[in-house]
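Chemist: Residue numbers (our numbering), protein chains in the order written: chain A, 1 to 350; chain B, 1001 to 1350.
Backbone N, C-alpha and C fix where the C-beta goes; we use that ideal spot for every residue, glycine too.
Model, not experiment: these values are computed from the prediction.
The structure is given below, and queries will be raised subsequently.
2 protein chains.
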Amino acid sequence: MQFADRLNNVETSAIRELFKLLGKPGIISFAGGFPDSAMFDVAGISAASQAALQQEPGAALQYGATEGYQPLREQIAAFMAAKGARDLAPDQLVVTTGSQQALDLLGKTMINPGDKVIVEGPTFLATIQCFRLYGAEVISAPIDAEGARVDALEKLIAEHQPKLVYLIPTFGNPSGAMLSLERRKKVLELAVKYQTLVVEDDPYGDLYFGEAPPPSLLALSSEVPGSRDWLAHCGSLSKVLSPGLRIGWLVAPAALLGRAVLREQLGDAVEFLQPQGGLFLWVRLTGKGGALADAGELAKRAIAQGVAFVPGAPFFAQNPDATSFRLSFATADEDKIREGIARLAQALKA
Amino acid sequence: MQFADRLNNVETSAIRELFKLLGKPGIISFAGGFPDSAMFDVAGISAASQAALQQEPGAALQYGATEGYQPLREQIAAFMAAKGARDLAPDQLVVTTGSQQALDLLGKTMINPGDKVIVEGPTFLATIQCFRLYGAEVISAPIDAEGARVDALEKLIAEHQPKLVYLIPTFGNPSGAMLSLERRKKVLELAVKYQTLVVEDDPYGDLYFGEAPPPSLLALSSEVPGSRDWLAHCGSLSKVLSPGLRIGWLVAPAALLGRAVLREQLGDAVEFLQPQGGLFLWVRLTGKGGALADAGELAKRAIAQGVAFVPGAPFFAQNPDATSFRLSFATADEDKIREGIARLAQALKA
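Put into C-alpha cells, the structure is as follows:
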C-alpha cells in the first residue's frame, strides 16, 4: 500500500516508543503534559453535563454549527475579555476540539508544500509535525529566558518571508520561557511590518504561580494598529478545566476564519427510488408537462414557501445532475413531512 | 493573506448559503441528514455520562490514547461482531470523532496531489470535498438502484488505477441505493485483483425499515481471501445514537491504521530555567564532572529506574539539542515528584 508522501515529513517514533513504556507499573511520569486528574472539578463538570442534557437535550446531542455552539462562543469571548481582549466578538472565534485542531486548520488553510514557517527552537513537537505534514519547511528562531529573541526573529522573517510565525509566548512548551511585554509588542509590530501571520498558542497562560504574565498578543493587539489583521490565537480549556472536554478555540482574521470553517455541509414532475432505509430520498425533476427541471431554482422557490432541501449537483464529483435533489426525512415528524411536501408542491407550481 | 492552494479545490458556497437560510422561522427542513432530536435516548445518555464521571473521572476527563479508550474499542468490536464482522479485534480499529474524521485521516494518509479516487456518482458531498482538499482527482462511477455498477467500476479501476475507491454500500447518501450482495462480493474481489483500497462508509446500515440489508463489506471480507488487506470501514454512532456524542471508528489494515494515528505525542549535572507557570521544566544536561550529557540515553536509564520524561531533541525543528529534556510537573503530586527526582538522580549516576 502506497501512503501519501506528506507522511515522510513526520518523525515521531522515538516519542511513541517512550509513551508505550509509560504503562509500566510504578513509573513516575514527568513525560506528558497531563494535568493532575485529582485537580479536575468532577462534581462541577458532572452537574454541568446533567444540566445541559436536561435543559437542552436537542442542542447537546444533535449536529451543531461548524463554528461551534453560539452560547459557548459567547462565554469564550467573555473569558478572553476578562483577560484583556476586550473587543473580541463571539463571531471572531470558532470552537475547536483543542489547540491541536486549531493548528491543523491553520496548517490546512495556510501552508502550501515548500512554504516556510518560523517556530521557537525548541517548541511544541506536535506543532512541528502538524506544519511539516502540510509540507512546510520549519525554521527555528532562537530563544532565551524572555522567549523568542525578536532581533533574530526579524532577521529570519526578512530572510525567509514565512507563511506564518508560531509562538507560545507564555510558559513555552518545552522551554517554560515567557516572552517579555516589550518583545510582545515588537512581535506585533513585526507582523504588521512584514505582513506575516503570527500564531499565538496560549494553553498555559492561566497557570501562573505568582505574578500574572503580560497580556496575550491578542489582548495587546488593540495597542498596535493593524496587528489584529495578522494575528491568530489558539486557546484551550484542556489545561485549566479538563482535557477530556475537548474544547479549544481559534481567533483569527475573518477571511482566514471563513476558510478554516470547511463545512460539510411531486406528481410526475418528480421521480425517485423508494428507499429501504437510511435518512434520504433522492429525487429527480423530470420536467414533464413543462414542469421545472432545475433543482437549484426549485430550492430558491422552496425556501420562499418555507421548506428546505439540498440540490443534488454538489454530490457529483463529475457531470452534476442539475435536476436532482435530496430530501432528508429523518428530522421532521410525519405531520411536518406532509406539510413540507405540500409546500414543495406549491414551489413546483410557482 | 495568501491561503493554501488546496482550498481552491473546494467549492461549498451554494450549500453554505442554503444552510444559513434554515434558521428562518417556520422552515420545514428536508435539507440536512439530521436525526430527529425527539428520538434521542436522553435519559440513557445522561445516566451513562453520570456513571462515567462518577466511576472513572480520571479516564473521562484526562487525555486519552490516540487510538481511543480501550473499553470503547472493545464495545465497538463487539457491536461489529454482532453484525457479522466476527473476527474483528479491538486493536484493528481506532475511535474517531465521527466518519468525517475517519475520511480526513484516510485523505491525509493516502492521497498525494494528483492521485485518483473513485466515488459513486452521486455521493456524500463532504467526501468529495475532503479528498479534493488533499489534491485528489475525484472520478464518478455510475450507480443504479443496486448501487455501484461493478462492471463499469472495474473498467474505471483498470483505467485510472485509483488510490482508493469510496463507497456507501448501504442506503447511499444521497441516492438511498443499496449495493446487492452479489455486487458486494465482486467489489471485494476487485479490491484484491487490482490491489486497490476500498473504503466502505457505513453510517446508515442499522437504519432499515423492513428486511435487514446484506452484510457489510467488512463482514463479507472473511469470505473473500485477501480482501481485508484492501478494505477500510468507517462506522459512526451519529445516526443510531446521537451526533452530539461525536463517536465514530475506522477499521483498516494495520499498516494504514498505524499511519493514521499521527500521535502527538540534578546537581550541577543539569541546569534549567525556573518556570513562573505552565506545566514544564526544560532541563539541559551540562556534562559537568563527566556526567551523562545525552538526554536520549538518560531517558532509557530513567525508565529502568521507574521514571519517565521526554527527551528534548524532537522539540527542535532544526539543530536538535541532544542534552535537553522536558519534565512535566503537572501530573504527579509532590511526594511523587520527590520520589521521581530521586530516581532520576539514580539514573544519572547509573
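May I ask you to verify whether the segment 1125-1135 of chain B touches the segment 1104-1117 of chain B, counting CB pairs closer than 8 Å and requiring at least 3?
Modeler: Taking 8 Å as the limit for Cβ pairs, the verdict is that the segment 1104-1117 of chain B does touch the segment 1125-1135 of chain B.
Chemist: For the beta strand (DSSP E) holding LEU1281(B), just list the boundary residues, first then last.
Modeler: Here residue 1281(B) refers to the residue found at position 281 of the second sequence. Segment 1280-1285, the beta strand (DSSP E) holding LEU1281(B).
Chemist: Please look up how many angstroms separate the CB atoms of GLU189(A) and VAL224(A), rounded, as I've assumed it's under 8 Å.
Modeler: Residue numbering aside, residue 189(A) sits at position 189 when the first sequence is read from its first letter. Residue numbering aside, residue 224(A) sits at position 224 when the first sequence is read from its first letter. Yes, GLU189(A) and VAL224(A) are in contact; Cβ-Cβ is about 6 Å, under 8 Å.
Chemist: Give the DSSP-derived three-state secondary structure of ARG1086(B) in the structure shown.
Modeler: For this step, residue 1086(B) is matched to residue 86 along the second sequence. DSSP places ARG1086(B) in coil when its eight states are reduced to three.
Chemist: Within the 8 Å Cβ cut-off, does PRO1035(B) reach chain A?
Modeler: Stepping through the second sequence from its first residue, residue 1035(B) is reached at position 35. Yes, its Cβ sits closer than 8 Å to a Cβ of chain A.
Chemist: How close, in whole Å, do the beta carbons of ILE341(A) and VAL95(A) come, if the pair is a contact with beta carbons under 8 Å?
Modeler: Looking up residue 341(A) in the first sequence gives position 341. Looking up residue 95(A) in the first sequence gives position 95. Actually they are not in contact, since the Cβ atoms of ILE341(A) and VAL95(A) sit about 36 Å apart, beyond 8 Å.
Chemist: Do you know how far the Cα of ASN173(A) is from the Cα of PHE124(A)?
Modeler: Counting from 1 along the first sequence, the entry for residue 124(A) is found at position 124. Counting from 1 along the first sequence, the entry for residue 173(A) is found at position 173. Computed Cα separation, rounded: 5 Å.
Chemist: Going residue by residue through the segment 120-156 of chain A, where are the continuous alpha helix (DSSP H) segments of at least 4 residues, counting only ones entirely within it?
Modeler: Whole alpha helix (DSSP H) segments, 4+ residues: 125-133.
Chemist: Who are the neighbours of THR1286(B) on chain C, taking C-beta pairs under 7 Å?
Modeler: Within the model displayed, chain C is absent; protein chains A and B are what it includes.
Chemist: Report the rounded CA-to-CA distance for GLN1092(B) versus PHE1329(B), giving the unit in angstroms.
Modeler: Locating residue 1092(B) in the second sequence gives position 92, counting from the first residue. Locating residue 1329(B) in the second sequence gives position 329, counting from the first residue. Rounded to whole angstroms, GLN1092(B) to PHE1329(B) spans 34 Å at the Cα level.
Chemist: Given a cut-off of 8 Å, decide if VAL1307(B) and THR994(B) are closer than it, judged by their beta-carbon atoms.
Modeler: No answer is possible for residue 994(B): it lies beyond the span of chain B, which begins at 1001 and ends at 1350.
Chemist: For ASP1005(B), which residues in chain A fall below 8 Å Cβ to Cβ?
Modeler: For the purposes of this step, residue 1005(B) is identified with residue 5 of the second sequence, where counting begins at 1. By Cβ distance, chain A contributes ASN112.
Chemist: With a CB to CB cut of under 8 Å and the five nearest residues on each side skipped, what residues in its chain are close to PHE1315(B)?
Modeler: Numbered from its first residue, the second sequence carries residue 1315(B) at position 315. SER1324 and ARG1326, listed in sequence order.
Chemist: What does PRO311(A) pair with, by DSSP beta-bridge criteria?
Modeler: Here residue 311(A) is taken as the residue at index 311 of the first sequence, counted from 1. BP columns for PRO311(A) point to PHE325(A).
Chemist: Could you confirm whether any beta carbon from chain A is found closer than 8 Å to the beta carbon of PRO1215(B)?
Modeler: As a working mapping, residue 1215(B) is identified with position 215 in the second sequence. Not closer than 8 Å to any Cβ of chain A, the Cβ of PRO1215(B) fails to qualify, so no.
Chemist: For a cutoff of 8 Å on Cβ pairs, would you count GLY1306(B) as touching chain A?
Modeler: Against the second sequence, residue 1306(B) aligns to sequence position 306. With 8 Å as the cut-off, GLY1306(B) counts as an interface residue toward chain A.
Chemist: Just curious, the beta strand (DSSP E) that THR356(A) is in, first and last residue?
Modeler: Shown here, chain A extends from 1 to 350; a query on residue 356(A) therefore has no answer.
Chemist: With C-beta atoms as the reference, is SER242(A) less than 8 Å away from LEU1156(B)?
Modeler: By one-based count along the first sequence, residue 242(A) stands at place 242. By one-based count along the second sequence, residue 1156(B) stands at place 156. No, these two residues do not count as a Cβ contact at 8 Å.
Chemist: By the three-class DSSP mapping on this structure, what secondary structure does ALA1330(B) have?
Modeler: Mapped onto the second sequence, residue 1330(B) falls at position 330. DSSP places ALA1330(B) in coil when its eight states are reduced to three.
Chemist: May I have the straight-line CA-CA distance separating GLY58(A) from LEU1007(B), to the nearest angstrom?
Modeler: Along the first sequence, read from residue 1 onward, the residue named residue 58(A) stands at position 58. Along the second sequence, read from residue 1 onward, the residue named residue 1007(B) stands at position 7. The alpha-carbon atoms of GLY58(A) and LEU1007(B) are separated by roughly 33 Å.
Chemist: Quick check: is the beta carbon of ASN9(A) nearer than 8 Å to any beta carbon in chain B?
Modeler: Position 9 of the first sequence, counted from the first residue, corresponds to residue 9(A). Closer than 8 Å: no.
Chemist: By Cβ distance below 6 Å, which residues in the same chain neighbour ALA1085(B) in space, the five residues on each side in sequence not counted?
Modeler: For this step, residue 1085(B) is matched to residue 85 along the second sequence. Only LEU1218 and ALA1219 meet the Cβ criterion.
Chemist: In angstroms, rounded to a whole number, what distance separates the CA positions of LEU1167(B) and GLY258(A)?
Modeler: In the second sequence, counting from the first residue as 1, residue 1167(B) sits at position 167. In the first sequence, counting from the first residue as 1, residue 258(A) sits at position 258. One C-alpha to the other measures close to 30 Å.
Chemist: Residues of chain A with CB closer than 9 Å to the CB of ILE1045(B), please, in chain order.
Modeler: As a working mapping, residue 1045(B) is identified with position 45 in the second sequence. Near ILE1045(B) (Cβ distances below 9 Å), the residues of chain A are LEU53, PRO57, ALA60 and LEU61.
Chemist: Can you list, in chain order, the stretches of the alpha helix (DSSP H) that have 4 or more residues and sit fully within the segment 161-242 of chain A?
Modeler: If we require 4 residues or more, the alpha helix (DSSP H) runs fully inside the segment 161-242 of chain A come out as 181-194 and 217-220.
Chemist: Applying the criterion that 16 or more other CB atoms from any shown protein chain within 10 Å of the CB defines a buried residue, is GLU120(A) buried or exposed?
Modeler: On the first sequence, residue 120(A) is found 120 positions in, with the first residue counted as 1. The residue in question, GLU120(A), is buried, as its Cβ has 16 or more Cβ neighbours within 10 Å.
Chemist: Starting from ILE28(A) and walking both ways along the beta strand (DSSP E), at which residues does that stretch end?
Modeler: Mapped onto the first sequence, residue 28(A) falls at position 28. 28-30 is the span of the beta strand (DSSP E), which, as asked, contains ILE28(A).
Chemist: Between PRO1162(B) and ILE1128(B), is the Cβ-Cβ spacing less than 8 Å?
Modeler: The sequence position of residue 1162(B) within the second sequence is 162, counting from 1. The sequence position of residue 1128(B) within the second sequence is 128, counting from 1. Their beta carbons are not under 8 Å apart, which means PRO1162(B) does not touch ILE1128(B) by this criterion.
Chemist: Name, please, each residue of chain A whose Cβ falls closer than 8 Å to the Cβ of LEU1179(B).
Modeler: Sequence index remark: in the second sequence, residue 1179(B) carries index 179 (1-based). Going along chain A, no residue has its Cβ under 8 Å from LEU1179(B), so there is no contact; the nearest lies around 12 Å.
Chemist: Taking the alpha-carbon positions, what's the GLN101(A) to ALA260(A) distance?
Modeler: As a position in the first sequence, residue 101(A) is number 101, starting the count at 1. As a position in the first sequence, residue 260(A) is number 260, starting the count at 1. For GLN101(A) and ALA260(A), the distance between alpha carbons rounds to 10 Å.
Chemist: Helix or strand or just coil, what does DSSP make of PHE316(A)?
Modeler: Numbered from 1 along the first sequence, position 316 holds the residue referred to as residue 316(A). Three-state result, PHE316(A): coil.
Chemist: For the segment 1226-1233 of chain B and the segment 1195-1205 of chain B, state whether three or more C-beta atom pairs, one from each stretch, are separated by less than 8 Å.
Modeler: Touching, yes.
Chemist: With 8 Å as the threshold, decide whether the Cβ of ASP202(A) is near any Cβ in chain B.
Modeler: Here residue 202(A) refers to the residue found at position 202 of the first sequence. No, its Cβ sits nowhere closer than 8 Å to a Cβ of chain B.
Chemist: Give every residue of the same chain whose Cβ lies closer than 7 Å to the Cβ of GLY1114(B), excluding the five residues on either side of it in the sequence, and list them in chain order.
Modeler: Numbered from its first residue, the second sequence carries residue 1114(B) at position 114. If we look at GLY1114(B) and ignore the five residues flanking it on each side, its Cβ neighbours are GLY1135 and GLU1137.
Chemist: Does PHE40(A) pass the burial test, meaning 16 or more other C-beta atoms within 10 Å, or should it be called exposed?
Modeler: Numbered from 1 along the first sequence, position 40 holds the residue referred to as residue 40(A). Looking at its Cβ environment, which holds 16 or more other Cβ atoms inside 10 Å, PHE40(A) is buried.
Chemist: Fully enclosed by the segment 49-81 of chain A, which alpha helix (DSSP H) runs are 4 residues long or longer?
Modeler: Complete alpha helix (DSSP H) runs here, min 4: 57-61.
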